[in-house]
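Chemist: Chains as they are written, first to last, in our numbering: chain A, 848 to 1159; chain B, 264 to 578.
#1: Where does residue 1121 of chain A fall in DSSP's three states?
#2: For residue 410 of chain B, which residues from the same chain have a beta carbon less than 8 Å from its beta carbon, with the 5 sequence-adjacent residues on both sides left out?
#3: Cβ atoms of residue 1095 of chain A and residue 515 of chain B: under 8 Å apart, would you say?
#4: Does chain B have any CB closer than 8 Å to the CB of residue 1030 of chain A?
#5: Does residue 415 of chain B get closer than 8 Å to chain A when you measure Cβ to Cβ?
#6: Would a C-beta distance cut-off of 8 Å place residue 310 of chain B and residue 975 of chain A closer than the cut-off?
#7: Please report whether the beta-carbon of residue 520 of chain B lies at a distance below 8 Å from any beta-carbon of chain A.
#8: Answer with buried or exposed for residue 850 of chain A, where buried requires no fewer than 16 other C-beta atoms within 10 angstroms of its C-beta.
#9: Indicate whether residue 956 of chain A and residue 1125 of chain A have their beta-carbon atoms separated by less than 8 Å.
#10: Residues of the stretch 544 to 558 of chain B in Cβ contact with chain A at a cutoff of 9 Å, in chain order, please.
#11: So residue 377 of chain B contacts chain A; which residues on that side make the cut at Cβ distance below 7 Å?
#12: Can you confirm whether residue 399 of chain B, when its beta carbon is compared against all beta carbons of chain A, has any partner nearer than 8 Å?
#13: Excluding the five sequence neighbours on either side, which residues of its own chain have a C-beta within less than 6 Å of the C-beta of residue 943 of chain A, listed in chain order?
#14: Could you tell me the distance, in whole angstroms, from the CA atom of residue 361 of chain B to the CA atom of residue 1038 of chain A?
#15: Threshold first: 4 residues or longer. Then list the alpha helix (DSSP H) segments lying entirely within the stretch 1016 to 1097 of chain A, N to C.
#16: Cα separation between residue 1156 of chain A and residue 1079 of chain A?
#17: Quick one: does the C-beta of residue 517 of chain B sit closer than 7 Å to a heavy atom of the ligand COA?
#18: Report the residue from B:571, B:541, B:301 and B:538 whose alpha carbon sits nearest the alpha carbon of residue 993 of chain A.
#19: Check whether the Cβ atoms of residue 491 of chain B and residue 469 of chain B sit closer than 8 Å, and answer yes or no.
#20: Straight-line CA distance for residue 987 of chain A to residue 325 of chain B?
#21: Drop a sphere of 10 angstroms on the beta-carbon of residue 472 of chain B, count the other beta-carbons inside from all chains shown, and report buried for 16 or more, exposed for fewer.
#22: Is it the case that the stretch 461 to 468 of chain B contacts the stretch 496 to 506 of chain B, given that we only count it when at least three CB pairs across the two stretches are under 8 Å?
#23: Using a Cβ cut-off of 9 Å, pull out every chain B residue sitting near residue 1145 of chain A, in sequence order please.
#24: Does the stretch 1056 to 1075 of chain A touch the stretch 997 to 1007 of chain A, meaning 3 or more C-beta pairs lie closer than 8 Å?
#25: With 9 Å as the C-beta to C-beta threshold (strictly closer), list the residues of the stretch 1057 to 1087 of chain A near chain B in chain order.
#26: With 16 as the cutoff for other CB atoms within 10 Å, does residue 874 of chain A come out buried or exposed?
#27: In whole angstroms, what separates the C-alpha of residue 299 of chain B from that of residue 571 of chain B?
#28: Opposite residue 942 of chain A in the DSSP bridges: which residues?
#29: Which full runs of the alpha helix (DSSP H) of 4+ residues lie inside the stretch 959 to 1009 of chain A, going along the chain?
#30: Can you tell me which of A:865, A:946, A:878 and A:958 puts its alpha carbon nearest to the alpha carbon of residue 1086 of chain A?
#31: Buried or exposed: residue 371 of chain B, going by 16 or more other Cβ atoms within 10 Å of its Cβ?
#32: If we ignore side chains and look at the alpha-carbon of each, how far apart do residue 848 of chain A and residue 368 of chain B end up?
#33: Where does residue 265 of chain B sit, in a helix, a strand or coil, going by DSSP?
#34: What does residue 875 of chain A touch in chain B if you count any residue whose Cβ is under 7 Å from its own?
#35: How about residue 334 of chain B and residue 319 of chain B: are their beta carbons less than 8 Å apart?
#36: Would you say residue 347 of chain B faces chain A, with C-beta separation under 8 Å as the test?
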C-alpha cells in the first residue's frame, strides 16, 4: 500500500457513505417532488386522503394559474362551444375563461426587478471591487467591513424609514424603487465576491498592458474584465437569485404595480379556499429557474454563500 | 465580445472626454469606482438607519400624517425592555435559533463527513442535496404549509404511516406544542445543505499528511477524528454557525408564510413581531426603537462571536 492511500476510504466505507447520502438526498427531495406533482393534479386529487401518488394528470392548475374565470349559465355554455384546450378544461366546472390572471404580470415584475438590480449591483460591484483590489484606498478594511455590515440589519428594521422615504419620493410600488433597494442589498455580496475573484487575477497582466501603453481604463476593461468573466457571471447569478427570492421588502413596499411573484403566489384563491394545484403550478414555474441556475453554479456555490470567505 | 462594445464606446466618446478619462490618476479612478457603491449604501442603508434612530425617540405614527410628533426620550426603549410579551418573542426566537443550528450542524456535518468519502456519484448527489437552500424562503414556507395540512397533508400522512397515529389527530401549524417545531423542521430542511457545504470545504482543507503522521504514531481512528478532524473543521463550522445565526435572527419570510406567528404568538419571532408593530399597528416610533434594539443585539453578538472565531483560527 502506498503512503498516499493510508487514509483513503475502503470500498465498504464508500458504499455505506454513498447509501446514507443518497437516502438523505431522496428524502429531502420528497417535498419538492410533491409540490411539483400537485401542480398536475385536479383540485379534488390534490386534497384527497390518502394522498394520491398515482393520478390522472391535468393542466388545470396551470390553466387556473394564468387565467381568470367566471361561472356561466348552461344556455351560454351550450351556445358557445369551447375555443381551445384550456377552455375545455375549465368547462367541466361550468366556467369560461374571461382573461389572463395577474400571475403573468407579477412574474414579469420579478424578471424586470431581478435583472435590473442584478445588472446594477454587478456593474457597481465590479468597479468597487477592482478599486479595492488594486488601489490603496485609505481605510479600505473599514469600508469593506462597512459594506458587509449593511447585510446584518434585519430587513424589517430598515423597511420603516425606507417606506417613509419612498412615500415622500414617490418610489413606493415602482420598479425603480425596488431595483434600487435590491441593488443596495446585493451590492455588499457583489463587492466581496468580486474582490475575491479579481484578487486572483495576477497583477502582472495589467502591468504588462500598462507598459505596452494601455491606460488604466483600457487595462481594466481589456485585461481584467475578460479574466474575471466567470467570477462576474457567478456573482450575477447569486444577485439574481437573491432578488428573485426576496419577500420581506416586496410584501411591505409593493402592492400592485411592482409586486413580485413571492408575495403574490400564496394569495391565489380558488373555489372554496386556496387553489393548491394553481399555487403548486406557480411555485413550480417560480422555482425552476433557480434550480437550473443552482446546477450551473455548483462549482462557485460555496464562495457565493459565504461572501467569498470560503473559496475551497 | 466586451472588447467590441468597449471599442465602439471608446470611438464614440468625444476626444476631449476621452483625454480627460485617460488622464485620470489611479487615485482618482479608485474614488470614481468606489463612490457610487458607497453613495448607494449611504442613501439606502445608513440614512434610513439614522432616521430610525431619530424616530425611535418619538411617538410618530406613519399612518397619521399631520399629527404632532413629540420627542419622548427613551420611553419607547423602556417600554420594550420591560414588556413581558416581547420577552416571549425573544424566547421563541432563541428556541428557533438554538434548535435550527443544533440540527443543521449535526446533520450538516454528518453529511459532509460522508460525502468526503468520495463515493461514486458524490458530486451529483451533493448538487441534489443543495437545491432547497437556493429556493425562495417565502415560497418554501408556502408549500410546506400545504404539506403540513392535517388530514390531507403529506407530512401528517408520512408520520401516521410510521407511527400509526391518526393523521388528523395533530396539527403541526395549529398546536401550541408543535408549531415551534414545525418551523425548526422546515428551516433545517432548507439550510442543512449550507452547513454541509461549509463543513465539506473544511474537511477537504485538511492535508493528507496529517493523518499519515497520526497513522505512523499509531493513533486510533477515533482519536484522529477528535484530535485532527474536529479541530481542523471547527473554524469552518463556526463560520457556518455565524451565518446561520445572523440569518435566523432576522428570520421573517419563511415563518410568516408558514405560521404567520401563530398559534397565538408561539412562533412570533422578533422580526414578525416587529412587522406587526410597524406595519399593522403603525406604532412607527415604538417599532423603530425595537428595530434598533434588535440591530444592536445582532451586531453585538456577532462581533463577540467573530472575536472568538478569530481566536480559534489562530490556534
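Note that CB positions come from ideal geometry on N, CA and C, so glycine has one too.
Modeler: On the basis of the supplied data:
#1: strand
#2: 416, 417 and 418
#3: yes
#4: yes
#5: By this cut-off, residue 415 of chain B is an interface position.
#6: no
#7: yes
#8: Here residue 850 of chain A scores only 43 on pLDDT, less than 50, and its place in the model should not be relied on; the value that follows carries that caveat. The residue is exposed, with fewer than 16 neighbouring Cβ atoms inside 10 Å.
#9: no
#10: Answer set for the stretch 544 to 558 of chain B: 547, 550, 551, 553, 554, 555, 557 and 558.
#11: 864, 867 and 868
#12: yes
#13: 919
#14: 31 Å
#15: 1022 to 1046, 1050 to 1058 and 1076 to 1092
#16: Residue 1156 of chain A and residue 1079 of chain A have their C-alpha atoms some 17 Å from each other.
#17: Absence of the ligand COA is noted for the structure shown, with no ligands found whatsoever.
#18: Out of B:571, B:541, B:301 and B:538, the CA that lies nearest to the CA of residue 993 of chain A is found in B:301.
#19: yes
#20: Distance between the alpha carbons of residue 987 of chain A and residue 325 of chain B: 38 Å.
#21: exposed
#22: yes
#23: For residue 1145 of chain A, the chain B residues whose C-beta falls within less than 9 Å of its own C-beta are 386, 389, 390 and 393, listed in chain order.
#24: Touching, no, given that fewer than three Cβ pairs across the two stretches are closer than 8 Å.
#25: 1062, 1063, 1064, 1065, 1067, 1068, 1069, 1072, 1073 and 1076
#26: exposed
#27: 34 Å
#28: Residue 942 of chain A pairs with A:918.
#29: 987 to 996
#30: A:958
#31: buried
#32: Confidence at residue 848 of chain A is low in this model, with a pLDDT of 40, below 50, so the placement of that residue should be treated as unreliable; the coordinate-derived value is given next. Distance between the alpha carbons of residue 848 of chain A and residue 368 of chain B is about 35 Å.
#33: Low confidence applies here, because residue 265 of chain B scores a pLDDT of 44, under 50, leaving its location unreliable; read the following figure in that light. Helix, per DSSP.
#34: 392, 395 and 452
#35: no
#36: no
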